[in-house]
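Asker:
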Amino acid sequence: PLLAACQARRLAPRSVARLAQNLRVRKSDAEAALMRKSAAVCAGAFRTTMAASAMLTREGHTEDALAATFELDVRLAGAERLAYPCVVAGGANAVTLHYMHNNARLAPGSLLLMDAGCSLHGYASDLTRTWPLDGAFTAAQRRVYDAVLDVNERCIEMCVAGSGASLASIHRASLQWTFEHLVDLGILRRDDPAAASKVQRYYPHAIGHWLGLDVHDTPHVGTETALDAGMVVTVEPGLYFPPDDDALPEWCRGIGVRIEDDVLVGAAGPEVLTAGAPKHADDVEACVRRGFG
Ligand code: GLY
Ligand code: MN
Ligand code: MN
Numbered sequence: 026p027l028l029a030a031c032q033a034r035r036l037a038p039r040s041v042a043r044l045a046q047n048l049r050v051r052k053s054d055a056e057a058a059l060m061r062k063s064a065a066v067c068a069g070a071f072r073t074t075m076a077a078s079a080m081l082t083r084e085g086h087t088e089d090a091l092a093a094t095f096e097l098d099v100r101l102a103g104a105e106r107l108a109y110p111c112v113v114a115g116g117a118n119a120v121t122l123h124y125m126h127n128n129a130r131l132a133p134g135s136l137l138l139m140d141a142g143c144s145l146h147g148y149a150s151d152l153t154r155t156w157p158l159d160g161a162f163t164a165a166q167r168r169v170y171d172a173v174l175d176v177n178e179r180c181i182e183m184c185v186a187g188s189g190a191s192l193a194s195i196h197r198a199s200l201q202w203t204f205e206h207l208v209d210l211g212i213l214r215r216d217d218p219a220a221a222s223k224v225q226r227y228y229p230h231a232i233g234h235w236l237g238l239d240v241h242d243t244p245h246v247g248t249e250t251a252l253d254a255g256m257v258v259t260v261e262p263g264l265y266f267p268p269d270d271d272a273l274p275e276w277c278r279g280i281g282v283r284i285e286d287d288v289l290v291g292a293a294g295p296e297v298l299t300a301g302a303p304k305h306a307d308d309v310e311a312c313v314r315r316g317f318g
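With this note's numbering as the guide, the letters of the sequence shown map in order to residues 26 to 318.
Okay, structure coming up:
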């Protein structure tokens, strides 16, 4: 039927292919409702896990206790399974992008990066938050956190249908904004001829990907595809400062932060499906401090 419709509209084969690709990543209203639910369940489990983390740290547990808390919570809320194995990375473990050992002891005073999602009736969520395990960011942690948050929020604002924005153009913008923050943080010099590669050393991944039945759904649709209503993307800037990088000022070594949201692109603007997970530093601290109950 798609091909017939395109032929009736006399679209060139290349346009047909492009339209077919776009349809593959655009969600129907029913699918969008399931994406919304999957993300809401996931965000709720983040709140539970953040609230449990100070207690689990005091009791001497490892990162795995947080992964288990997350999984129990999404399952109790109706998700059939995880969308992918949880990344629960305390302190400098966050600098390892796909850290999945989850076996280090939770350390008071350190940050915790959790990247986790559920699959609900087949639809995936993919969420990352980074929080201080005892409920208070240090000044250094907060400087890095607020830089990543700013990039996250600006990139989300770009997720507007018909604006011409694409995953690729949002990624390029995120590189530029991350560079500006690295200069403001005193980590890079504005006139450094190697600035581009240094930004990618501390932010070594893409800003996001399509999200749907699969977590990367699907890599076969190009990142230059213009965003259209009904598409769902992740927005996940980060900064990761290796503990042993002598080029870095000491204050930031070992800090790793990523903030990832799932965004439904709409004609009127972005809908942040994962908005239920606290994100501003004050809200994050309040959620951790609230604890259970
Ligand atoms: N959790 C996998 C990703 O963020 O792409
Ligand atoms: Mn993720
Ligand atoms: Mn992702």
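Using N, Cα and C, we set each Cβ at its ideal position, and we do this for glycine too.
Could you tell me the alpha carbon to alpha carbon distance between E285 and L131, rounded to whole angstroms?
Answerer: Looking up residue 285 in the sequence shown gives position 260. Looking up residue 131 in the sequence shown gives position 106. Whole-angstrom Cα-Cα distance: 22 Å.
Asker: Do I232 and P274 have their C-beta atoms closer together than 8 Å?
Answerer: Position 207 of the sequence shown, counted from the first residue, corresponds to residue 232. Position 249 of the sequence shown, counted from the first residue, corresponds to residue 274. Cβ atoms of I232 and P274: not closer than 8 Å.
Asker: According to DSSP, is A79 part of a helix, a strand, or is it coil?
Answerer: Along the sequence shown, one-based indexing puts residue 79 at 54. Looking at A79 - three-state DSSP - the assignment turns out to be helix.
Asker: Just the C-alpha distance for A58 and P229, rounded to the nearest angstrom, thanks.
Answerer: Locating residue 58 in the sequence shown gives position 33, counting from the first residue. Locating residue 229 in the sequence shown gives position 204, counting from the first residue. Rounded to the nearest angstrom, the two C-alpha atoms are 32 Å apart.
Asker: For A108, tell me which candidate among F95, L158, E56 and V120 has the shortest Cα-Cα distance.
Answerer: Stepping through the sequence shown from its first residue, residue 108 is reached at position 83. The shortest Cα separation from A108 among F95, L158, E56 and V120 belongs to F95.
Asker: What's the gap between the Cα of G318 and the Cα of M80?
Answerer: Within the sequence shown, the letter at position 293 stands for residue 318. Within the sequence shown, the letter at position 55 stands for residue 80. Low local confidence applies: a pLDDT of 41 at G318 is under 50, so the model's placement there is unreliable, with the coordinate-based value given in what follows. One C-alpha to the other measures close to 12 Å.
Asker: CB of Y109 to nearest heavy atom of ligand 1: below 7 Å?
Answerer: The residue labelled residue 109 in the question sits at position 84 within the sequence shown. Yes.
Asker: Which partner residues does A251 have in the DSSP bridge list?
Answerer: Taking the first residue of the sequence shown as 1, we reach residue 251 at position 226. A251 pairs with S191.
Asker: Using DSSP with H/G/I as helix, E/B as strand and the rest coil, what is A68?
Answerer: In the sequence shown, counting from the first residue as 1, residue 68 sits at position 43. Looking at A68 - three-state DSSP - the assignment turns out to be helix.
Asker: With DSSP as the reference, identify every bridge partner of V257, one or two as the case may be.
Answerer: Looking up residue 257 in the sequence shown gives position 232. V257 is bridged to L289.
Asker: Shorter than 7 Å, the distance from the beta carbon of E261 to the closest heavy atom of ligand 1, or not?
Answerer: As a first step, residue 261 must be located in the sequence shown, where it is residue number 236. E261 Cβ: within cutoff of ligand 1.
Asker: Contact check, L91 vs S78 under 8 Å by CB: the rounded distance?
Answerer: Position 66 of the sequence shown, counted from the first residue, corresponds to residue 91. Position 53 of the sequence shown, counted from the first residue, corresponds to residue 78. Going by Cβ atoms, the distance from L91 to S78 rounds to 6 Å, so yes, they are a contact pair.
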